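In what follows, a single structure is set out as structure tokens and then discussed.
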Amino acid sequence: MLVLVTKDYDEMSKEAAKRVAAMVRKKPDCVLGLATGSTPIGLYKELVRMHKEEGLDFSKVTTFNLDEYVGLPPEHNQSYHYFMWENFFKHINVDPRNVYIPQGMAENVDEFCEWYENRIKEVGGIDLQILGIGSNGHIAFNEPGSSLGSRTRIKTLKESTRRDNARFFSSIDEVPKYAITMGIGTIMEAQEIILLASGKNKADALKKTVEGPITAMCPASTLQLHRKATIIADKEAASLLDKELIEIPK
Ligand code: PGA
């Protein structure tokens, strides 16, 4: 696991964008795994800039999102469908037929989850997966205690996650209680993973991820077992890490 520490959020976002762009240029029909949340917004902004100013071409790219709230329709302004189109897809030339996001309104959730897993396999698997990290160490909506081999499924959100996300809703009662999420096993099958972390409230989770034992109580710690995982963290998120374990990007 490579741990890169950047001076701030902006540099973290640009460092991640460089790597995503390199993948898209090397393999124009690559499969990207994408994340939502505040953290990757700067990454998407930079990729949009690269598309507009440098012609970065997403026309053959396929994308799979990590998760979606159960019960929110795609047009709800807090759904992850809405987030992805507003912050990224509508600004680039991705083919909407190649965009996959879990369906929070699926009638049969179990069947949908199986279909999602199969779809990832049918397109050849994820080449590069982007992840954020929850303040409790979750990746996607795999909360502490999730099975390390888990696949796409419905999960109950922890109170701490609902509290973290309440800032986007008018009250915590409106934050959905369930989500569909790729599993830790699904995520670990990506050829390459980049985890982004920004801000002091991620410092403790990041320390456990990098220096702690591999445990279901900190799902992100599973990345220690991945062959090609890079963590890009800003100084604040990295503030508790052992200085000998980190690198500064050139
Ligand atoms: P954030 O969420 O980017 O909004 O902090 C990350 C996460 O919960 O995975």
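Residue numbers for the sequence shown follow my numbering, so the first one is 33 and each next one is one higher.
Built from N, CA and C at the ideal position, the CB exists for glycine as well.
Just so it is clear, the structure is predicted and the values come from calculations on it, not from any experiment.
Measuring C-alpha to C-alpha distances from L66 to each of S178, L277 and I133 identifies I133 as the nearest. Taking 7 Å as the cut-off, one finds no heavy atom of the ligand PGA near enough to the beta carbon of G136. Annotation for K122: no beta strand (DSSP E) segment contains it, and DSSP assigns it neither H nor E. A261 sits in a strand when the DSSP states are folded into three classes.
The DSSP-derived three-state label of C250 is strand.
Boundaries of the beta strand (DSSP E) around G65: V63 to L66.
Judged by the Cβ position, S192 fails to qualify as a neighbour of the ligand PGA at the 7 Å threshold, every heavy atom of the ligand being at least this far. When Y101, G215 and N233 are compared, the shortest CA-CA separation from G181 is found for G215. Counting along the chain, R57 sits inside the alpha helix (DSSP H) bounded by residues Y41 to K58.
Cβ contact annotation for I204 (same chain, cutoff 8 Å, sequence separation greater than five): R194, R195 and A198, in chain order.
In this structure, I226 keeps its C-beta atom at 8 Å or more from the C-beta atom of V37.
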